[in-house]
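**Student:** In this note's numbering, the protein residues as written are 1 to 492.
Backbone N, C-alpha and C define an ideal beta-carbon position, used for all residues, glycine too.
Quick caveat, the model's predicted, so the values are computed rather than measured.
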Ligand code: CS2
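1. Going straight from the alpha carbon of residue 300 to that of residue 118, what length do you get?
2. Go through its chain and collect everything with a Cβ distance to residue 14's Cβ below 6 angstroms, but skip five positions before and after it.
3. What I want to know is whether the C-beta of residue 47 ends up closer than 8 angstroms to one or more non-hydrogen atoms of the ligand CS2.
4. Do residue 334 and residue 290 have their beta-carbon atoms positioned less than 9 angstroms apart in this structure?
5. Three or more C-beta pairs closer than 8 angstroms, one from the segment 200 to 217 and one from the segment 237 to 254: is that the case here?
6. By a C-beta neighbour count over all protein chains shown, 10 Å radius and 16 as the cutoff for buried, is residue 422 buried or exposed?
7. Can you list, in chain order, the residues of its chain with a C-beta nearer than 8 angstroms to that of residue 134? Leave out the 5 residues immediately preceding and following it.
8. Measuring only the C-alpha atoms, how far is residue 241 from residue 216?
9. Looking at the strands, I want to know which residues DSSP matches up with residue 92.
10. May I have the straight-line CA-CA distance separating residue 281 from residue 178, to the nearest angstrom?
11. Would you list the one or two residues that DSSP bridges to residue 98?
12. Span of the beta strand (DSSP E) holding residue 240?
13. From residue 269 to residue 183, what distance separates their C-alpha atoms?
14. Give the DSSP bridge partners of residue 143, in chain order.
15. Quick check: the Cα distance between residue 2 and residue 236, rounded to an integer number of angstroms?
16. Going by DSSP, which residues form a beta bridge with residue 416?
17. From the DSSP secondary-structure annotation, give me the bridge partner or partners of residue 28.
18. Should residue 115 be listed as close to the ligand CS2, given that the test is whether its C-beta is under 8 angstroms from any heavy atom?
19. For a test of the three-state rule: what should DSSP assign to residue 469, helix, strand or coil?
20. In three-state DSSP terms, what is residue 65?
21. Three-state secondary structure (DSSP) at residue 1?
22. Out of 260, 122, 229, which one is the CA nearest neighbour of residue 175?
23. Extract the residue ranges of the beta strand (DSSP E) inside the segment 263 to 327, only unbroken runs of 3 or more that lie entirely within it.
24. Is residue 338 closer than 9 angstroms to residue 502 when the C-beta atoms are compared?
25. For the ligand CS2, is there a heavy atom less than 8 angstroms away from the beta-carbon of residue 380?
26. For residue 444, count the other beta carbons within 10 Å of its own beta carbon; 16 or more makes it buried, fewer makes it exposed. Which is it?
27. Tell whether a beta-carbon distance below 9 angstroms holds between residue 125 and residue 24.
28. Run through DSSP, which three-state label would residue 198 get?
29. So, using beta-carbon positions, are residue 257 and residue 38 closer together than 9 angstroms?
30. According to DSSP, simplified to helix, strand and coil, what is residue 12?
Structure (structure tokens):
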């Protein structure tokens with residue numbers, strides 16, 4: 001890709017492409033965002049861009065990557081750190097160049113020391129991140145000290161590999177330099193994500209130096225956020241869409257997503273923040289009801305459609321939504337099985353919310369792959385399904401859809417769809433593959449071995465016979481009937 005790269009020629013871009021209407025030369029890196037993948041480009045940096053359009057102030061964003069190669073960042077720099085966002089739906093498209101990014105730092109290009117130093121600059125007020133569920137290195141609500149990367153970072157705080165290690169190294173430096181407080185803001189799909197981040201950072205800091213942990217307590221806030229926007233991974237097809245929108249020019253950092261977006265932020269910032277409310281973000285005292293609603297209804301139904309839909313031959317979420325059976329059963333999962341478990345935010349009508357989600361899923365322009373959402377199931381299932389399962393077991397209420405989802409996942413991770421084999425992406429993929437190869441032909445032993453994964457299935461659920469029996473049955477149902485028929489039979 002590098003050799004073919006040609007910087008964007010802004011002069012010949014079609015006039016339909018909106019450009020940043022603010023003075024980018026005055027932007028300072030006051031927010032640093034770790035993990036500049038598709039979602040961050042389309043959501044976090046887009047909100048800052050809109051904030052700048054409305055406020056004209058100087059809150060720029062430095063973006064940081066700890067993995068992969070710096071190629072994309074090099075190209076972003078050559079494009080003056082502008083990149084293209086196309087919002088698409090069956091109603092049409094709109095295209096803009098986003099301009100909130102003012103600096104890039106890649107560990108393989110700039111070195112970890114420069115990144116640590118940057119996070120310890122006085123102007124830097126907010127460290128935000130989208131590092132995916134596994135990036136937090138948290139197990140059973142504690143820092144996972146068995147994680148080899150965390151072990152590495154604990155022993156080598158000057159050269160951390162994880163985002164958590166990096167943040168602690170930066171906080172230690174801020175303390176050493178006498179530079180004031182900062183806010184660390186998670187933007188990942190995890191329940192009480194601010195609290196989880198604080199656990200990971202605090203427990204790590206306490207291991208390094210108890211005084212540092214005390215300093216962190218006093219000087220760092222960890223607001224929770226609920227983020228929502230459907231942003232499929234970039235494909236050749238989406239690159240072609242962007243190229244057409246740009247009058248034939250290519251932008252390697254472009255992104256294509258749905259028009260909808262929502263951001264609910266706990267207003268708990270130590271030393272100021274951008275005026276994100278100007279971009280439509282909701283600043284609230286308590287994010288938890290929003291987070292749980294979104295995680296269980298949107299992400300919970302996504303995962304249900306991902307495993308069962310993929311196994312039934314459906315490549316995208318829009319394909320699932322176009323099938324009346326999958327549509328109806330995903331709706332029941334949300335309305336009948338997730339709604340009762342939720343403390344729905346005051347002014348939200350959960351049925352209308354679910355219908356809006358299904359409408360978003362029906363966006364045929366997005367091509368959001370079921371296989372993509374199926375990734376990292378061991379990290380996603382607990383907060384999307386298992387807490388709700390616990391609720392239903394306690395209340396004696398029906399939760400067949402949630403259980404079928406688990407049965408779907410157990411079939412999915414075998415990596416076979418009929419004669420076809422596919423890659424299973426998961427941080428625990430080696431453990432999963434071992435279970436598949438050891439017990440894959442013995443249903444009883446296979447399901448038991450998966451249920452014994454204590455990082456995924458909490459002990460209280462596994463001790464509940466009703467739960468384990470229903471999971472065994474759901475596994476067998478999907479294996480015997482096929483996912484499509486198993487979903488159809490939920491209606492009976
Ligand atoms: C999806 C999410 O891949 C997944 O696990 O469920 O990325 C989902 O699209 C976003 O959370 C929507 O806000």
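**Tutor:** The relevant details are as follows:
1. For the purposes of this step, residue 300 is taken as residue 300 along the chain shown, with counting starting at 1. For the purposes of this step, residue 118 is taken as residue 118 along the chain shown, with counting starting at 1. Residue 300 and residue 118 have their C-alpha atoms some 37 angstroms from each other.
2. As a working note, residue 14 is residue 14 in the chain shown. The beta carbon of residue 14 sits closer than 6 angstroms to those of 247, all from its chain and outside the five residues before and after it, given in chain order.
3. By 1-based counting over the chain shown, the position of residue 47 is 47. No, Cβ of residue 47 sits at least 8 angstroms from all heavy atoms of the ligand CS2.
4. Here residue 290 refers to the residue found at position 290 of the chain shown. Here residue 334 refers to the residue found at position 334 of the chain shown. Taking the C-beta atoms as reference points, residue 334 is found no nearer than 9 angstroms to residue 290.
5. These segments do not touch.
6. The residue you call residue 422 lines up with position 422 of the chain shown. Label assigned to residue 422: exposed.
7. Stepping through the chain shown from its first residue, residue 134 is reached at position 134. Excluding residues within five positions, the ones whose Cβ falls inside 8 angstroms are 376, 379, 427.
8. Taking the chain shown and counting its residues from 1, one reaches residue 241 at position 241. Taking the chain shown and counting its residues from 1, one reaches residue 216 at position 216. Straight-line Cα distance between these residues: approximately 46 angstroms.
9. Position 92 of the chain shown, counting from 1, holds the residue named residue 92. DSSP, once it has assigned bridges, lists 89 as partnering residue 92.
10. Within the chain shown, residue 281 is the residue found at index 281, counting from 1. Within the chain shown, residue 178 is the residue found at index 178, counting from 1. Separation of residue 281 and residue 178 (C-alpha to C-alpha, rounded to the nearest whole angstrom) is 32 angstroms.
11. Working through the chain shown from its first residue, we reach residue 98 at position 98. According to DSSP, residue 98 shares a beta bridge with 83.
12. In the chain shown, counting from the first residue as 1, residue 240 sits at position 240. Run containing residue 240: none in the beta strand (DSSP E); it sits in the alpha helix (DSSP H), 236 to 245.
13. Indexing the chain shown from 1 puts residue 269 at position 269. Indexing the chain shown from 1 puts residue 183 at position 183. Residue 269 and residue 183 have their C-alpha atoms roughly 6 angstroms apart.
14. For this step, residue 143 is matched to residue 143 along the chain shown. Residue pairing by DSSP puts residue 143 in a beta bridge opposite 138.
15. Reading the chain shown from its first residue, position 2 is the one you call residue 2. Reading the chain shown from its first residue, position 236 is the one you call residue 236. Low confidence applies to residue 2: its pLDDT is 45, below 50, so where it sits in the model is not reliable enough to give any reading.
16. Looking up residue 416 in the chain shown gives position 416. Within the DSSP bridge table, the entry for residue 416 names 421 as partners.
17. Here residue 28 refers to the residue found at position 28 of the chain shown. Looking at the DSSP output, residue 28 bridges to 59.
18. Translated into the one-based positions of the chain shown, residue 115 becomes position 115. Not so, every heavy atom of the ligand CS2 lies at least 8 angstroms from the Cβ.
19. What you label residue 469 is simply residue 469 of the chain shown in a count that begins at 1. Here residue 469 sits in helix by DSSP.
20. Your numbering for residue 65 matches position 65 in the chain shown. Correct three-state label for residue 65: strand.
21. As a working note, residue 1 is residue 1 in the chain shown. A caution first: residue 1 carries a pLDDT of 48, below 50, which makes its placement in the model too unreliable to give a value.
22. Taking the chain shown and counting its residues from 1, the one referred to as residue 175 is at position 175. Measuring C-alpha to C-alpha distances from residue 175 to each of 260, 122, 229 identifies 122 as the nearest.
23. Complete beta strand (DSSP E) runs here, min 3: 282 to 284.
24. Beyond the ends of the chain as shown, which are 1 and 492, falls residue 502; an answer cannot be given.
25. Taking the first residue of the chain shown as 1, we reach residue 380 at position 380. True, at least one ligand heavy atom lies under 8 angstroms from that Cβ.
26. Working through the chain shown from its first residue, we reach residue 444 at position 444. By the 10 Å Cβ count, residue 444 comes out exposed.
27. For this step, residue 125 is matched to residue 125 along the chain shown. For this step, residue 24 is matched to residue 24 along the chain shown. Cβ distance not < 9 angstroms, so residue 125 and residue 24 don't count as in contact.
28. Translated into positions along the chain shown, residue 198 becomes position 198. Residue state, collapsed to three classes: helix.
29. Here residue 257 corresponds to residue number 257 of the chain shown, with the count starting at 1. Here residue 38 corresponds to residue number 38 of the chain shown, with the count starting at 1. Yes, these two residues count as a Cβ contact at 9 angstroms.
30. Reading the chain shown from its first residue, position 12 is the one you call residue 12. Reduced to three states, the DSSP call for residue 12 is helix.
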